[in-house]
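The next block holds one structure in the form of structure tokens; read it before the comments.
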Amino acid sequence: MNRLKLSALLILLCHLFELYCSANDTAEAFIEMVLGKIKADESYVLPIDNSKLAYVSPLQESATYDFGTFDFVIVGAGSAGTLLANRLTEIEKWKVLLLEAGGPENEFSDIPGMTVEIYSTDMNWGYLSTPQKRACRAMDQFQCTCPRGKVLGGSSTINGKMYVRGNKADYNAWEKMGNPGWSYKDVLPYFIKTENSHIDDGDPGCHGKSGLLDVNYTDQTIFTSVFLRGKEELGCRAIDYNGKSQIGVSRIQFTIKGNKAVSGGTAFIDPFLKRRNLNVTINAFVTRLIIDKDTKTALGVEFIKDGRKYEARAKKEVILSAGAINTPQILMISGIGPQEELTKIGVETLVDLPVGLSMEDHATFVGLNIRTNITLFNETMEVLLKRYLNNQRPYTASFNADAISFINVNDNKSSVPDIQQILATPPGVTPNGWRMFNGNKQVTEQSAGLPKPYNDIQIWTVLLHPKSKGSVKLKSGSPLDFPIIDYNYYSVEEDKKTMLKAIKESLKLLETDAFKSINATYVSMYKVCTDYTEGTDEYWECMVEQLTTTLYHPAGTTRMGKSSRDSVVNSKLFVHSTKRLRVVDAGVIPKILSGNINAPIYMIAEKAADEIKNYWIV
Ligand SMILES: Cc1cc2nc3c(=O)[nH]c(=O)nc-3n(C[C@H](O)[C@H](O)[C@H](O)COP(=O)(O)OP(=O)(O)OC[C@H]3O[C@@H](n4cnc5c(N)ncnc54)[C@H](O)[C@@H]3O)c2cc1C
Ligand SMILES: *[C@@H]1O[C@H](CO)[C@@H](O)[C@H](O)[C@H]1NC(C)=O
Ligand SMILES: *[C@@H]1O[C@H](CO)[C@@H](O)[C@H](O)[C@H]1NC(C)=O
Ligand SMILES: *[C@@H]1O[C@H](CO)[C@@H](O)[C@H](O)[C@H]1NC(C)=O
Ligand SMILES: *[C@@H]1O[C@H](CO)[C@@H](O)[C@H](O)[C@H]1NC(C)=O
Ligand SMILES: *[C@@H]1O[C@H](CO)[C@@H](O)[C@H](O)[C@H]1NC(C)=O
Ligand SMILES: *[C@@H]1O[C@H](CO)[C@@H](O)[C@H](O)[C@H]1NC(C)=O
Numbered sequence: 002m003n004r005l006k007l008s009a010l011l012i013l014l015c016h017l018f019e020l021y022c023s024a025n026d027t028a029e030a031f032i033e034m035v036l037g038k039i040k041a042d043e044s045y046v047l048p049i050d051n052s053k054l055a056y057v058s059p060l061q062e063s064a065t066y067d068f069g070t071f072d073f074v075i076v077g078a079g080s081a082g083t084l085l086a087n088r089l090t091e092i093e094k095w096k097v098l099l100l101e102a103g104g105p106e107n108e109f110s111d112i113p114g115m116t117v118e119i120y121s122t123d124m125n126w127g128y129l130s131t132p133q134k135r136a137c138r139a140m141d142q143f144q145c146t147c148p149r150g151k152v153l154g155g156s157s158t159i160n161g162k163m164y165v166r167g168n169k170a171d172y173n174a175w176e177k178m179g180n181p182g183w184s185y186k187d188v189l190p191y192f193i194k195t196e197n198s199h200i201d202d203g204d205p206g207c208h209g210k211s212g213l214l215d216v217n218y219t220d221q222t223i224f225t226s227v228f229l230r231g232k233e234e235l236g237c238r239a240i241d242y243n244g245k246s247q248i249g250v251s252r253i254q255f256t257i258k259g260n261k262a263v264s265g266g267t268a269f270i271d272p273f274l275k276r277r278n279l280n281v282t283i284n285a286f287v288t289r290l291i292i293d294k295d296t297k298t299a300l301g302v303e304f305i306k307d308g309r310k311y312e313a314r315a316k317k318e319v320i321l322s323a324g325a326i327n328t329p330q331i332l333m334i335s336g337i338g339p340q341e342e343l344t345k346i347g348v349e350t351l352v353d354l355p356v357g358l359s360m361e362d363h364a365t366f367v368g369l370n371i372r373t374n375i376t377l378f379n380e381t382m383e384v385l386l387k388r389y390l391n392n393q394r395p396y397t398a399s400f401n402a403d404a405i406s407f408i409n410v411n412d413n414k415s416s417v418p419d420i421q422q423i424l425a426t427p428p429g430v431t432p433n434g435w436r437m438f439n440g441n442k443q444v445t446e447q448s449a450g451l452p453k454p455y456n457d458i459q460i461w462t463v464l465l466h467p468k469s470k471g472s473v474k475l476k477s478g479s480p481l482d483f484p485i486i487d488y489n490y491y492s493v494e495e496d497k498k499t500m501l502k503a504i505k506e507s508l509k510l511l512e513t514d515a516f517k518s519i520n521a522t523y524v525s526m527y528k529v530c531t532d533y534t535e536g537t538d539e540y541w542e543c544m545v546e547q548l549t550t551t552l553y554h555p556a557g558t559t560r561m562g563k564s565s566r567d568s569v570v571n572s573k574l575f576v577h578s579t580k581r582l583r584v585v586d587a588g589v590i591p592k593i594l595s596g597n598i599n600a601p602i603y604m605i606a607e608k609a610a611d612e613i614k615n616y617w618i619v
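At position 360 of the sequence shown the residue is numbered 361 (our numbering), and the sequence of numbers has no breaks.
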């Protein structure tokens, strides 16, 4: 029977059994929507600057419109900005303006498993790093990507949804660095306050069950238990990594609700839009701060929306939550930054601060490909999307992330990990995945010819405490230009040695009974180190340089601390030597954490909200 007749028959059946029919129609429409979006992504061209956002209609060039006066103006509706706007509008008399450069979320961005596809849409700012000397060598022009969310929810909308808090010692170290109030015992209540955990085997006393942020597991694959058993054979314990101790192996706790992604937008904004004191204005590109130069007081911001220039004023505070890349850009354009850098680009320095320096990010090796004799998810997209609608993998999880472990490869007695292993299971890294990595022609072609995407798994290794520091600088004082992002991975040799140890640790898994039961073997998929004998240290060091990219966690570019010599904000998150200006986002992280950083950013915003309430309500 041909397809037309079949669908005519289905429609007829639909009218007879109305219920069945509408569910089926919705499924068909959903699948069509997803396939259409994926198709559109293939031809999407990432921007190379902000000219589209910063467009001002020629008729409007000399005009600046007044957007009004609010108690607080928050720049950026990302992880931090959304949570902060929610908490501040709990105070009914406070009027809060939340400005966001991007647009709304949609049904497509609600699918956790579409991370790689969402990269190639206008929900991503589209940044690339500078050419790297010791990493990103298999990437086009040696440039790694730096995806950043440009959408309600910010990077939490386009991210991997892994909910990871890091290590107790991380926060105790923050406090010791001169940040009172940030020790583990101080911050734990804020993690718990935000969370609505649905996992049933979390450590008692560690999880919130009534917050706004849903956290859950998704279903397991056959590989989940293989990885857990393999790690246990190597002496690793199964743990709740967000619980009492972090060294061990675990299923992944995701920010998801049912099969849907949970972002800052869906958790903290969407259900609260009826609050009359909350003004969420999207498609609004903030270009600079309005500052009283004599007193260094932040008065408001300038922004561009729909081809017009606006000014919005803040009676109490301007809060920058534009993220670890864009907050430094706004500060520097406005004259707050390293004098030497600002002078180079012709910006007058109002406050000399180390903005954009000592950026930290988690370098990640993605080249460990393991072939197995298990075939998984070798069905058509239609079948896999129907599974998704039934709340089943692969698309309920981002990057097909399946399980994680935290280990210390330099000191196996330490309770603080230096490496995170992430197990990624089929369908593997596709050509679209290589687009998200900015893979060069060679690796992209090799991945297109991928022999066994349904049998291969990858173990990503993540360098949790890099010694190498990167930076964010400016090309010019114009908001039109993209910032200059330098990861500077492996500039300290020790980082590469640690990564090498991590790979060897992952290879040990192949010797376990668990991995032997699926006939697991390392199979080099990318022929980028053919000058070396496979398996030697030289080979792996070459692979590390070729196939290290980012886990998308830039942090520390406006770090918190005591002194204006090596920090930008104080422990209350006020920018040093200024008034009524705070930063609340990944930039304030004084030392990067032992894990993915989204949960810690929510914690930071949660704590900042309390600081702000205590400061203004006497
Ligand atoms: C692809 C990817 C995968 C990731 N995976 C994970 C993961 O699995 N788990 C995890 O914990 N973390 C993950 N992260 C990291 C995490 O999502 C981010 O660190 C976090 O969301 C950053 O929060 P933020 O509030 O600092 O900034 P953002 O969430 O990036 O928010 C900044 C907001 O400000 C807006 N903005 C910027 N400039 C302007 C301007 N000039 N005018 C107006 N608005 C502006 C942006 O559009 C954005 O909405 C991932 C990140 C990415 C990109
Ligand atoms: C937000 O404020 C602007 C400017 O005052 C106003 O035009 C707009 O209607 C407000 N939006 C909401 C949702 O209150
Ligand atoms: C959490 O996950 C479990 C099992 O995967 C599922 O049964 C439950 O419905 C999920 N709950 C929510 C709120 O997502
Ligand atoms: C998927 O793989 C299994 C196991 O190799 C095989 O039996 C099945 O025919 C495959 N299905 C498709 C649609 O290719
Ligand atoms: C830890 O490291 C020591 C010294 O390298 C080694 O002797 C010991 O076997 C290791 N323990 C485990 C559990 O791997
Ligand atoms: C195991 O893997 C090897 C190498 O890839 C292959 O030659 C062999 O046939 C496999 N055995 C089974 C039982 O799958
Ligand atoms: C996979 O290989 C292992 C080890 O060779 C073997 O015991 C097992 O039966 C194989 N499984 C499948 C599904 O082929």
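Don't be surprised by glycine CBs; every beta carbon is placed ideally from N, CA and C.
Would you mind reading off the limits of the alpha helix (DSSP H) that contains residue i?
i: Arg88; result: 80–89
i: Tyr191; result: 185–195
i: Phe304; result: It is not in any alpha helix (DSSP H) - Phe304 instead sits in the beta strand (DSSP E) that spans 298–306.
i: Tyr66; result: Where Tyr66 is concerned, there is no enclosing alpha helix (DSSP H), although the beta strand (DSSP E) it sits in stretches over 66–76.
Which residue comes first and which comes last in the beta strand (DSSP E) that contains residue i?
i: Asn160; result: Where Asn160 is concerned, there is no enclosing beta strand (DSSP E), given that its DSSP letter is neither H nor E.
i: Lys627; result: Since the first and last residues shown for the chain are 2 and 619, residue 627 lies out of range.
i: Asn280; result: 279–282
i: Leu214; result: 214–216
i: Ala364; result: 364–366
i: Arg314; result: 309–321
i: Ala102; result: No beta strand (DSSP E) contains Ala102, which DSSP labels as neither H nor E.
i: Phe400; result: Where Phe400 is concerned, there is no enclosing beta strand (DSSP E), given that its DSSP letter is neither H nor E.
i: Leu290; result: 285–293
Please list, in chain order, all residues of the same chain as residue i whose beta carbon is under 8 Å from its beta carbon, the five residues on each side excluded.
i: Lys306; result: Thr282, Asn284, Ala285, Phe286
i: Arg238; result: Ile248, Gly249, Val250
i: Ile618; result: Ile92
Ordered along the chain, which non-local residues of its own chain (more than five positions away) have a Cβ less than 6 Å from that of residue i?
i: Met2; result: Model confidence at Met2 stands at a pLDDT of 43, short of 50, so the residue's coordinates are unreliable; what they give is reported in the following sentence. Correct list: empty, nothing qualifies.
i: Gln547; result: Arg138, Ala139, Val529
i: Lys700; result: This structure cannot speak to residue 700, because the chain is shown only from 2 to 619.
i: Arg88; result: Ala610
Using the C-alpha atoms, what's the distance from residue j back to residue i?
i: Pro132; j: Asp26; result: 48 Å
i: Asn217; j: Ile112; result: 15 Å
i: Leu351; j: Asp482; result: 21 Å
i: Val529; j: Glu506; result: 22 Å
i: Asp532; j: Arg149; result: 36 Å
i: Lys194; j: Gly212; result: 6 Å
i: Asp241; j: Ala64; result: 56 Å
i: Glu106; j: Val589; result: 26 Å
i: Arg230; j: Ile223; result: 11 Å
i: Ile598; j: Ser246; result: 17 Å
Tell me which residues share the same chain as residue i and place their Cβ nearer than 7 Å to its Cβ, disregarding the 5 neighbours each side in the sequence.
i: Val545; result: Phe366, Lys497, Met500, Leu501
i: Ile602; result: Ser80, Ala81, Asp586, Ala587
i: Glu234; result: Thr513, Asp514, Ala515
Considering only their Cβ atoms, is the gap separating residue j from residue i smaller than 8 Å?
i: Gly114; j: Tyr527; result: no
i: Gly203; j: Gly155; result: no
i: Ser399; j: Thr116; result: yes
i: Leu84; j: Ala402; result: no
i: Thr146; j: Asn413; result: no
i: Tyr491; j: Ala24; result: no
i: Cys207; j: Asn243; result: yes
i: Ile486; j: Lys476; result: no
i: Arg581; j: Thr298; result: yes
- Message: Closer than 8 Å is the cut-off here; do at least three beta carbon pairs connect the segment 279–290 with the segment 61–80?
- Response: In the pairwise beta carbon analysis, the segment 279–290 is classified as touching the segment 61–80: at least three pairs are separated by under 8 Å.
- Message: Quick check: the segment 119–136 against the segment 398–411, are at least 3 beta-carbon pairs closer than 8 Å?
- Response: no
- Are three or more beta carbon pairs between the segment 354–374 and the segment 543–563 nearer than 8 Å? yes
- Using 8 Å as the Cβ pair cut-off and three pairs as the minimum, do the segment 454–461 and the segment 303–321 touch? no
- Message: Measuring CB atoms only, is the segment 253–270 touching the segment 176–191, in the sense that at least three cross pairs come out at less than 8 Å?
- Response: no
- Message: Using 8 Å as the cut-off, can you tell me whether the segment 420–429 makes contact with the segment 336–354, which would need three or more C-beta pairs spanning the two stretches below that distance?
- Response: no
- Message: Under 8 Å: do the segment 306–323 and the segment 367–378 share three or more Cβ pairs, one atom per stretch?
- Response: no
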